[in-house]
Amino acid sequence: MPSSSSSSMASSDHEEGPKRHAPATRTPHRVGPPHAARQRLEWAAWTALNLGATLVTALLLRTLPGEDRTLFLLYYQPLIPALAMLWFWTVAVWHWERRGVRYAACFSPEDARHLPGSAVLFRAGTALSAVTTLSGAVFLYQLAEGQRGAAALQPPLMYSSLAVALLWPGPGFHGDTRRFFARTLTRVALPVHAVSWADFFLADVATSLSKSVGDGARALCAVAAGPGAAFGSGTCGESGALAPLGSALPYAVRLVQCVRVFRDTGARSQAFNAVKYATAFPAIALAGAAASVGPELWLTTLRPLWVGAAALNAAYSYFWDLERDWEIGFFSQMDVQKTALPRPVLASPAMYPRAVYLYLMASNLVLRLTWIYKLSDGLRANALVVSFFALLEVFRRFQWMFVRVEVELRKLQNQKPELGSLMGHDGSAALSSPKPGAATPTHPFHTHEPKL
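If you read the sequence shown in my numbering, its first letter stands for residue 614, the second for the next number, and so on.
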């Protein structure tokens, strides 16, 4: 995944600044999905390994007592959405490679040189998935055999292995790509430099993994202090502050990035973008308070406030997705077309048929509202339901990527025709181009300011 959720720098979330775009970006050499016999064998072996470990894990989870299942979810649940995001990014890159979309042009020349192709991402995904599934299967097996001391070693070994695999600066196993990811992750965590496309993109993706970040903070606390710390009433416990602080971190990073871009460029849109990310904090804080207050206070006071905060964040984010990140004129067309349900105005040329964008608009709205499930106390307490909805947010971000990259490439192609065709070899542009004389999206957010 380009170096990364969250909420979710695009038109609005575009990073503007000196590191913006290269006058001519060389698309890295790409290798399609594995076709050779050896690569097919490698793919089959890794797939069998992951499926086998997953099957063993599922069978053991059905037989173990609830306490052991809770312990397993504490350590391993945070990794599922992150791995899913990696696999979705692999699919997106594979799709762009097949269509001849020069997505690497969105990145700076230095970053573009280190972008991994789909074949590299596939190998990384299978390896990281194998580490996780094998560790989980061994962890549950040792618990089932009563080897609790040995089982306690599995989570720290797994997290250490994943950290080394991703961040070790040495050679081997696509060292350039790993170092690129580590550098970008460092820039995102310490946003003291001008914000690049890779920085914004990773941070935006991280906002969709905010729950995993919070759960991961509790898991690491349990690794360091013992599992008891994660189930008590202290900082690492379910009613502690660690999980909400972890969940808020990706939004705080994006907010700081927007402020940095606003300071560097004076782009007014970035101030509004910063407000969008700030609206996530009340919802996170109020949701975190649910585990530490009495039921009466929650039901009568805090839950209504949480519903209002979550609805505001979802509405603001949806508006921003359409009008800024995707440059689809919808809300801005209500006054122009004098109707509450205007015909969306798409930018031209478009990479996909009009029906695709209409689907994305509808599905994005539905997926932006999945937080409503938390209104049911029974669903909130069901770990499988929680994991499912976390994966839905990952899927929403996966869909968002395609149009976000398309918008950036279209802008680059218009600004720098010398770069040639960036958007691939698809003939569907005419299907989604606005009709002659159609109104152009206009509202205060549609400016020529740089977007991030």
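Ideal Cβ placement from N, Cα and C applies to all residues, glycine included. None of the values given here were measured: they were computed from a predicted structure.
In the DSSP assignment, what are the bridge partners of residue i?
| i | result |
| --- | --- |
| Met1036 | Val714 |
| Val805 | Paired residue(s): none; Val805 is not in a bridge. |
| Val958 | Gly942 |
Work out the CA separation of residue j and residue i for me, nearest whole Å.
| i | j | result |
| --- | --- | --- |
| Asn1027 | Gly1033 | 10 Å |
| Ala763 | Gln755 | 7 Å |
| Thr790 | Trp709 | 19 Å |
| Glu723 | Pro863 | 24 Å |
| Asp990 | Ala811 | 38 Å |
| Leu982 | Glu940 | 21 Å |
| Leu822 | Leu1022 | 25 Å |
| Gly1050 | Ala657 | For Gly1050, the predicted structure reports a pLDDT of 38, less than 50, and the residue's modelled location is therefore unreliable. A value from the coordinates is still provided. Approximately 53 Å, taken between the alpha carbons. |
| Trp1013 | Glu1006 | 11 Å |
| Arg881 | Ala887 | 10 Å |
| Ala635 | Ala717 | With a pLDDT of 46 at Ala635, under the threshold of 50, the predicted position of this residue should be treated as unreliable, though the coordinate-derived value follows. Approximately 10 Å between the Cα atoms of the pair. |
| Asp934 | Gly665 | 39 Å |
| Pro768 | Ser748 | 7 Å |
| Val1020 | Arg1010 | 15 Å |
| Ala1003 | Arg993 | 12 Å |
| Asp938 | Ile985 | 24 Å |
| Ala650 | Thr746 | 26 Å |
| Ala725 | Phe1015 | 18 Å |
| Leu954 | Met947 | 7 Å |
| Gly702 | Phe735 | At residue 702 the sequence reads Trp, which differs from the Gly that was named. Using only the alpha carbons, I get a separation of about 10 Å. |
| Ala637 | Val714 | Confidence at Ala637 is low in this model, with a pLDDT of 46, below 50, so its placement is unreliable and the value that follows should be read with caution. Answer to the nearest angstrom: the Cα atoms are 15 Å apart. |
| Pro895 | Ala904 | 15 Å |
| Ala968 | Leu910 | 46 Å |
| Leu677 | Thr670 | 11 Å |
| Val866 | Pro804 | 8 Å |
| Gln883 | Gly859 | 24 Å |
| Thr820 | Ala861 | 9 Å |
| Val979 | Phe1008 | 12 Å |
| Ala893 | Ala923 | 7 Å |
| Leu988 | Arg712 | 42 Å |
| Asp681 | Ala750 | 13 Å |
| Gly829 | Ala695 | 10 Å |
| Thr914 | Ala778 | 46 Å |
| Thr739 | Asn977 | 28 Å |
| Gln870 | His806 | 9 Å |
| Phe813 | Leu798 | 11 Å |
| Leu1035 | Leu673 | 49 Å |
| Glu758 | Thr667 | 18 Å |
| Ser945 | Arg873 | 27 Å |
| Thr683 | Gln652 | 38 Å |
| Tyr970 | Ala765 | 48 Å |
| Trp659 | Ala737 | 11 Å |
Determine the burial state of residue i: buried for a count of at least 16 other Cβ atoms within 10 Å of its Cβ, exposed for fewer.
| i | result |
| --- | --- |
| Leu833 | buried |
| Gln1069 | Lying outside 614 to 1065, the shown extent of the chain, residue 1069 is not represented and no answer is given. |
| Ile693 | buried |
| Asn995 | exposed |
| Phe1001 | exposed |
| Tyr890 | buried |
| Leu973 | buried |
| Gly1066 | Since the displayed the chain opens at 614 and closes at 1065, residue 1066 lies outside it and no answer follows. |
| Arg782 | Looking at the sequence shown, residue 782 is not Arg but Pro. Exposed. |
| Pro1075 | Look at the range of the chain in this structure, 614 to 1065, and you will see that residue 1075 is not part of it. |
| Leu780 | exposed |
| Ala837 | exposed |
| Gly839 | exposed |
| Val706 | buried |
| Ala661 | exposed |
| Lys1024 | buried |
| Gly907 | exposed |
| Gly850 | buried |
| Leu868 | buried |
| Ala975 | exposed |
| Arg831 | buried |
My understanding is that residue i touches residue j, with C-beta atoms under 8 Å, so please give their C-beta distance in whole angstroms.
| i | j | result |
| --- | --- | --- |
| Ala835 | Tyr689 | About 12 Å; that fails the 8 Å criterion. |
| Ser825 | Pro691 | 5 Å |
| Ser786 | Phe685 | Reading off the sequence, residue 786 comes out as Phe, not Ser. With 8 Å as the limit, Phe786 and Phe685 do not qualify as a contact, their Cβ atoms being about 28 Å apart. |
| Phe943 | Pro966 | At roughly 17 Å, the Cβ-Cβ gap does not stay under 8 Å, so Phe943 and Pro966 are not in contact. |
| Val801 | Met698 | That belief does not hold up - the Cβ atoms of Val801 and Met698 are roughly 15 Å apart, past 8 Å. |
| Val808 | Met771 | Wrong, their Cβ atoms sit about 32 Å apart, outside the cutoff. |
| Leu775 | Leu815 | Their Cβ separation, rounded to whole angstroms, is 17 Å, which puts Leu775 and Leu815 out of contact at 8 Å. |
| Cys719 | Val1018 | 6 Å |
(request) Check whether the stretch 847-856 touches the stretch 927-941, taking contact to mean three or more Cβ pairs, one atom from each stretch, closer than 8 Å. (result) no
(message) Quick check: the stretch 950-962 against the stretch 877-887, are at least 3 beta-carbon pairs closer than 8 Å?
(response) no
(request) Specify whether the stretch 788-808 and the stretch 726-743 touch according to this definition: at least 3 beta carbon pairs, one from each stretch, less than 8 Å apart. (result) yes
(message) Under 8 Å: do the stretch 916-925 and the stretch 894-907 share three or more Cβ pairs, one atom per stretch?
(response) yes
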